[in-house]
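Asks:
Residue numbers (our numbering): 10 to 97.
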């Protein structure tokens, strides 16, 4: 019975940790910058790490974004709104 209780406590602790992980809020105020600069700004806030090939990013496309305490999902949806790119 004791092992089962400990197992349940560990399982619920891991679930709580997993739910909170990656939930950092992001604040950005960027005007007419490349997507690469936006991704670097998000990475600097510790929200996530981006992996992509440089040649898939449109070099001439500029984006502007102004958000305060937004979720990563909201920021990504705004940033990629008028592009052909998507994320997982």
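Just so it is clear, CB atoms sit at the ideal spot from N, CA and C, and this is done for glycine as well.
1) For residue 88, which of 44, 54, 58, 49 has the nearest alpha-carbon?
2) Return the first residue and the last residue of the alpha helix (DSSP H) that residue 51 is part of.
3) Taking the alpha helix (DSSP H) that residue 86 falls in, what are its first and last residues?
4) Give the C-beta separation of residue 37 and residue 84 to the nearest angstrom, bearing in mind that I take them to be a contact with Cβ-Cβ under 8 Å.
5) Is the separation between the beta-carbon of residue 74 and that of residue 56 shorter than 7 Å?
6) Going by other Cβ atoms of all chains shown within 10 Å of its Cβ, with 16 needed for buried, is residue 65 buried or exposed?
7) Alpha carbon to alpha carbon, how far is residue 82 from residue 95?
Replies: Let's see:
1) 44
2) 44-53
3) 81-88
4) 7 Å
5) No, the pair does not count as a contact, with Cβ atoms beyond the cut-off.
6) exposed
7) 11 Å
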